[in-house]
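K.L.:
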Amino acid sequence: MTPLQQALSTLAPARLQGIRRGIEKESLRATAAGALALTPHPAALGSALTHPNITTDYSESQLELITGVHASVEQCLEELTRIHQFTYRALGDEMMWVSSMPCRLPADENIPIGRYGASNVGRAKSVYRMGLAHRYGRRMQTISGIHYNWSLPGVSDAEYFGLIRNFRRQAFLLLYLFGASPAACATFVAGRKHELQMLSPNTVYMPHGTSLRMGRLGYQSEAQASLAVSYNSLEGYASSLYEALTRPYPAYEKVGIVNPGGEYNQLSTTLLQIENEFYGTIRPKRVIRPGERPLHALRERGVEYVEVRLMDLDPFVPIGIKAQTIRFLDVFLLHCLLAASPEDTPQEIAALGRNQHRTAAFGRDPAVTLERGGREVKLVDWGAEIVAECAPIAALLDRVHGTSDYGDAVRAAEALLGNPDMLPSARVLAALAGEHGNSFPAFTLAQSELAKAKLLKLPFPGSLQSQMEALVRQSVEDQAAVEAADTLPFEQYRQQYISAERLGRSKGAVAPALAAV
Numbered sequence: 013m014t015p016l017q018q019a020l021s022t023l024a025p026a027r028l029q030g031i032r033r034g035i036e037k038e039s040l041r042a043t044a045a046g047a048l049a050l051t052p053h054p055a056a057l058g059s060a061l062t063h064p065n066i067t068t069d070y071s072e073s074q075l076e077l078i079t080g081v082h083a084s085v086e087q088c089l090e091e092l093t094r095i096h097q098f099t100y101r102a103l104g105d106e107m108m109w110v111s112s113m114p115c116r117l118p119a120d121e122n123i124p125i126g127r128y129g130a131s132n133v134g135r136a137k138s139v140y141r142m143g144l145a146h147r148y149g150r151r152m153q154t155i156s157g158i159h160y161n162w163s164l165p166g167v168s169d170a171e172y173f174g175l176i177r178n179f180r181r182q183a184f185l186l187l188y189l190f191g192a193s194p195a196a197c198a199t200f201v202a203g204r205k206h207e208l209q210m211l212s213p214n215t216v217y218m219p220h221g222t223s224l225r226m227g228r229l230g231y232q233s234e235a236q237a238s239l240a241v242s243y244n245s246l247e248g249y250a251s252s253l254y255e256a257l258t259r260p261y262p263a264y265e266k267v268g269i270v271n272p273g274g275e276y277n278q279l280s281t282t283l284l285q286i287e288n289e290f291y292g293t294i295r296p297k298r299v300i301r302p303g304e305r306p307l308h309a310l311r312e313r314g315v316e317y318v319e320v321r322l323m324d325l326d327p328f329v330p331i332g333i334k335a336q337t338i339r340f341l342d343v344f345l346l347h348c349l350l351a352a353s354p355e356d357t358p359q360e361i362a363a364l365g366r367n368q369h370r371t372a373a374f375g376r377d378p379a380v381t382l383e384r385g386g387r388e389v390k391l392v393d394w395g396a397e398i399v400a401e402c403a404p405i406a407a408l409l410d411r412v413h414g415t416s417d418y419g420d421a422v423r424a425a426e427a428l429l430g431n432p433d434m435l436p437s438a439r440v441l442a443a444l445a446g447e448h449g450n451s452f453p454a455f456t457l458a459q460s461e462l463a464k465a466k467l468l469k470l471p472f473p474g475s476l477q478s479q480m481e482a483l484v485r486q487s488v489e490d491q492a493a494v495e496a497a498d499t500l501p502f503e504q505y506r507q508q509y510i511s512a513e514r515l516g517r518s519k520g521a522v523a524p525a526l527a528a529v
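Residue numbers for the sequence shown follow my numbering, so the first one is 13 and each next one is one higher.
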C-alpha cells in the first residue's frame, strides 16, 4: 500500500461528507458595445460595502458575486445561479463580461476605482485600491477570476500547509485543464511591453497559451517577486507576511501616503498595504472577527479553509464554472492534502514560478516541459501521473455520495491530457477563428450576450426576488449604520489599522475593522 493509499484509507465517510465549499466570482460590467461600463455600481444591487452576496472587487465596474458555505456542489452552484439571475435583472442594457481577460478598456486613469461610501472603512477600501493603481496600474486589476474556498473537518494547520505546498507544486495541472484566457483585447496591452502575438488588429494571444491571467501579464509584481514566502509552517508564513506588511518599500515611499492636493495615494508605504495585496495561487484563510486583521486571526486560531485563486472564468458556462470542474477541484485538493509534502526551499519556490509562467504561456505545446526536482519533465506526463493518483480518491468520494460524478470528472481530465484541442483555452481560440474573425472582443461579447439571455430565461420566483430585494434594503441600512458609528478622523483610523501591533498576538483593544478587500 502506497503512503497515499494508506492516508486515503483513514478518511471516514462522515469526514468526507463534511467538505464545505463556497465561490467568489468576479466579472466586469460591460456595455452592449463590449466596452467597460463606466456607470456607478447599480443602486438596485444595494451597498457594495455591506451586501453579503453582491459587491465590487477592484473597480466600480467589477462585480463580485459571493455564495455562502455549502455541503454540496449542486447547492453551491444553485446559489451562484440565483445571484446571477438577480444581478442581471438590475443591469439593464449592461452585461457581465464572461472572460477573465477584460473587455475594451479606456485609458488607465479612466478605469473607475470602487467606491464604498463616506465611512472610514469605506474610504479605506477605496484608498487601498488607489494604492494598487499606483503600484501595479489599473488595467491589471480588471482581470477577473473565480476563487474557490474549501475546507475539510479535522485538518491541522500543518496539514493545511502541506496541502498548500503540494497545490503550488501541482497547480500547473489546473492551469492546463481549466485555463480559458489564451487571448486578450489589444487595449489591455496598449503601451506595455509584452510577449504576446497579434492575432488580429484588436486581439493579442499566445498560440499555445492557457491562462494569460496567470502569466506575466496577469497578477505579477516585481516588488512581490522579492518575497520568497515559505509555506512550511503557519508561523513561517505569518512571519513572511508580517515583514512585508511592516517593511517600508522605497518605490512606494516615493509615492507617499497623501498627494500635494491632500488626497490619499495609498494606505501605507510598506511592501504590502494589507494582507490581501499578496498575490498567490492559494491562500490559507480564516473568518475574521470584528476589528481583527486577517494575519492576527490566522496566528491566533489557525487555518480554517483554503482559498484557491487561479481559476479562470469559463466563457462557455453562463455562471463561469461548472459542477464537473468543482468536483475535480475537490479531488485535486484531497490529493494535495493526502500526498507526501516535503518542505519547500527558495530554489523550489523560484522553479514553481517558472513552471507557472511556462504553463500559462505555452501549456498546450506538446513539447513543453516543467522543472521537477532539478530535472525537466513533460507537462503532460507529470499531469497524467497526478490524475492517475486522483482516481482512487474520486472512487472513494463516489462511494460516499452514491454517484459516479467524481470519477467522471477525473476521467474527463485524463481525456483532456490526451486531447489538448478540447481544452477550454483551445476551444476559445477555435471559436475566435470560426465566426468571430479572430476577434477576442467579438467572441466574448457574443458569449456574454448568450449568458445573459440564458440566465434571464431561467425561472425566478417572485418570492426569491422579494428576498433578494430585502437583502438590498438591509445592506443600504447597514452602510448607513456603519457611517453613523464612526468616531475617529480617517487619518487616525488609517494609522490604527496599519499599525504593526494589530498583526501580532496581542489581545488588546483594536480599531474598527477594515471590511474584506
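Each residue gets a CB set at the ideal place from its N, CA and C atoms; glycine is no exception. This structure is a prediction, so every number in the text was calculated from the model and none was measured.
1) Taking the straight line between their C-alpha atoms, what separation do you get for residue 128 and residue 136?
2) Excluding sequence positions up to five away, which residues of its chain have a Cβ less than 6 Å from the Cβ of residue 26?
3) Go ahead and pull the three-state DSSP assignment for residue 468.
4) For residue 314, I'd like the list of residues in its chain whose CB is within less than 6 Å of its CB, leaving aside the five on either flank, ordered along the chain.
5) State the Cα-Cα distance for the pair residue 397 and residue 500, rounded to the nearest angstrom.
6) Please classify residue 40: does DSSP put it in a helix, a strand, or coil?
7) Leaving out five residues before and five after residue 403 in sequence, what residues of the same chain have Cβ atoms less than 8 Å from its Cβ?
8) Candidates 39, 14 and 63: which alpha carbon is nearest residue 487's?
9) Mind checking residue 105: buried by the 16 CB within 10 Å criterion, or exposed?
10) Going by DSSP in three states, residue 460 sits in which element: helix, strand or coil?
11) Please go through the same chain and pick out, in chain order, the residues whose beta-carbon is closer than 7 Å to the beta-carbon of residue 204, but skip the five residues on each side of it.
12) CB-CB under 6 Å to residue 271, same chain, minus the five flanking residues each way: which ones, in chain order?
13) Any idea if residue 122 is buried or exposed, counting beta-carbon neighbours within 10 angstroms, 16 or more meaning buried?
14) Specify, as a first and last residue, the run of the beta strand (DSSP E) that residue 390 falls within.
15) Assign residue 9 to buried or exposed, taking buried as 16 or more other Cβ atoms, counted over all protein chains shown, within 10 Å of its Cβ.
16) Taking the alpha-carbon of residue 84 as reference, which of 45, 42, 440 and 161 has the nearest alpha-carbon?
17) Starting from the N-terminal side, write out each stretch of the alpha helix (DSSP H) that is 4 residues or longer and does not extend beyond the segment 223-276.
18) Closest to residue 254 by CA distance: which of 223, 226, 303 and 309 is it?
19) Using beta-carbon positions only, say whether residue 126 and residue 60 come within less than 9 Å of one another.
20) Quick check on residue 526: buried or exposed, where buried means 16 or more other Cβ atoms within 10 Å of its Cβ?
21) Write down every uninterrupted run of the beta strand (DSSP E) in the segment 37-79 whose length is 3 residues or greater and which is fully enclosed by it, in chain order.
22) Assuming residue 23 and residue 174 are in contact, meaning their beta carbons sit under 8 Å apart, how far apart are those beta carbons, in whole angstroms?
23) Should residue 512 be labelled buried (16 or more other beta-carbon atoms within 10 Å of its own) or exposed?
24) Using a Cβ-Cβ cutoff of less than 6 Å, which residues in the same chain neighbour residue 377 once the five nearest sequence positions on both sides are dropped?
25) Quick check: what's the CA-CA separation for residue 147 versus residue 470?
P.N.:
Reading off the structure:
1) If I take the Cα positions, the gap works out to 9 Å.
2) Its chain contains no residue whose beta carbon lies nearer than 6 Å to that of residue 26 once the 5 sequence neighbours on both sides are disregarded.
3) Residue 468: helix per DSSP, three-state reduction.
4) Within the same chain, 169 come within 6 Å of residue 314 by CB-CB distance, once the 5 residues on both sides are set aside.
5) Spanning the two alpha carbons is a distance of roughly 57 Å.
6) In the displayed model, residue 40 falls within a strand according to three-state DSSP.
7) The beta carbon of residue 403 sits closer than 8 Å to the beta carbons of 419 and 422 from its chain, once the five residues preceding and following it are set aside; these are given in chain order.
8) Per the Cα distances, 63.
9) Counting of Cβ neighbours within 10 angstroms places residue 105 among the exposed residues, the total staying below 16.
10) DSSP, reduced to helix, strand and coil, places residue 460 within a helical segment of the structure shown.
11) Correct list: empty, nothing qualifies.
12) Residues of the same chain with a CB within less than 6 Å of the CB of residue 271, apart from the 5 flanking positions on each side, are 277 in chain order.
13) With fewer than 16 other CB atoms across the displayed protein chains lying within 10 angstroms of its CB, residue 122 is exposed.
14) 387-390 is the span of the beta strand (DSSP E), which, as asked, contains residue 390.
15) In this structure the chain extends from 13 to 529, so residue 9 is not present and cannot be described.
16) Per the Cα distances, 161.
17) Fully enclosed alpha helix (DSSP H) runs of 4 or longer: 234-237, 246-258 and 262-267.
18) It is 309 whose Cα lies nearest to the Cα of residue 254.
19) Contact flag set, yes.
20) Low confidence applies to residue 526: its pLDDT is 47, below 50, so where it sits in the model is not reliable, and the reading given next is rough at best. Around the beta-carbon of residue 526, 16 or more other beta-carbon atoms lie within 10 Å, marking it buried.
21) Complete beta strand (DSSP E) runs here, min 3: 66-68 and 74-78.
22) Wrong, their Cβ atoms sit about 15 Å apart, outside the cutoff.
23) Here residue 512 is exposed: its Cβ has fewer than 16 other Cβ atoms, across all protein chains shown, within 10 Å.
24) Excluding positions up to five away in sequence, the list reads 220.
25) Approximately 42 Å, taken between the alpha carbons.
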